[in-house]
Structure formats: structure tokens, C-alpha cells
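In what follows, a structure is listed as C-alpha cells, so that the remarks can point back to it.
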Amino acid sequence: MAIEDTRDKILSVANNLFIRFGFHKTSMDEIAKIARKAKGSLYYHFTNKEELFKEVVSKEITGLKNQLSVIVKNTDLSASGKIKKYLTKRMEILNNAANYQETLKADFFEHFDFIDDLRNELDEWEKINLKKILLQGVNKGEFSVIDDIDVLLDMIIMVIKGLEIPFYIQNKYEEYSSYFERLIGILTKGLAT
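Counting in this note's numbering, the sequence shown runs from 52 upward without gaps.
Below you can see the structure in the form of C-alpha cells.
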């Protein structure tokens, strides 16, 4: 088996075990056993469990970015349509991103900072892409001119991230997801000229 195939197998098994048992209760021994790899093979590819988990979460975030990029680049949608589709799709994708959700748990932040750079990089990526949508809306006359666009972007990110814990950790996504679209409607109406 090629080195890359081994790495992919380890990531796949680790992903499934992290989803099932969480970060704390998943061991490198168990990953090696289920992957049918020597423990040394795991350490050849990943320095430790934190690095392996970070790679698993990174793959979820990459999947999120890929799907959201399609929306940002869609020339058939208005800026309001893009914001609605982007934010709704974002929350829908993260509802199924169990390892990303693990990073939201309060005890996770108290003990592990190795994932912070991934989350910060996602925030910056989202600001850049949401800015593209907002500027499209301004340029097409759909939105009024936004003086402090960077502050507005920070606030939008704070609001959507603020919903992640009740949606995913407190399992309220199904109950409130339809109301989320109304919240987005309020946002787009507030941006309109």
C-alpha cells in the first residue's frame, strides 16, 4: 500500500473514531488497531493525536470552503441570494461536521489551543468571501454603501459563530434552522438601499 493510501486510511479511521467517541476518548492505539496499521505508521504520518485530529478537522473545513466557494462564485445569484444561500449552507454543512463540533465544546478550548489557528483561518477566509458578496451587492446597487465593512463583517462572523453552540452542541439546529433564514432576511433588508 502506498504511503498516501496509508495516510488516507489512518485519516478515515481516525475521523470515524473521533466522531463516535470524541477526541478525548479516542486513542492512537485504537486508531492503529482499527486501521490495521502499526502504531509507528501513525506516528510516521502524524506527530501526535492532536496533529491527527487537526488534520481531520481541516478536511471538514476544506469541504466547507469548497462548497461555499461555489456559492460565492455563482454569477446567477444576486448578492442577497448569495448571502442567504451561503449562510444557510454553512450552517447545514457544519451540522454534519461532527469533529468541527467537537472543537466547540467548552472543555476543548480550556485544554487545547492547537485547533485555534484553523478556526482563525476559517474566520479570515469567511470575511474575505462575505466581503466579495457584500461588495457585489453595493456595486450592483442592491445594497447601500457600507462605510465600515470590516466591522460589519466581524459582527456577521460573531453572530453566526454565536449560533454554533446552541445549534450543534445543544442540538437546536433542526428546531431553529428555519428561523435562521428569517434572520438572514433581516440582515439583507438592512443592507438594502
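Even glycine gets a Cβ: it sits at the ideal position worked out from N, Cα and C.
Computed from a prediction, not measured in an experiment: that's the story for all the values here.
Annotation: S229 to K223 spans about 11 Å, alpha carbon to alpha carbon.
Here I220 has L155 as same chain residues with Cβ atoms under 6 Å from its own Cβ, once five neighbours each way along the sequence are excluded. By the C-beta density criterion, E102 is exposed, having fewer than 16 other C-beta atoms within 10 angstroms. DSSP, reduced to helix, strand and coil, places A243 within a strand of the structure shown.
For the pair L115 and I134, the CB atoms are not nearer than the 7 Å cut-off.
Following the DSSP letters along the chain, one finds Q221 in no alpha helix (DSSP H), marked with neither H nor E. One thing to note: S195 has its Cβ no nearer than 7 Å to the Cβ of T239.
Within the same chain, Y224 come within 6 Å of F218 by CB-CB distance, once the 5 residues on both sides are set aside. Membership of N125 in any alpha helix (DSSP H) is not indicated, and neither H nor E is assigned to it by DSSP.
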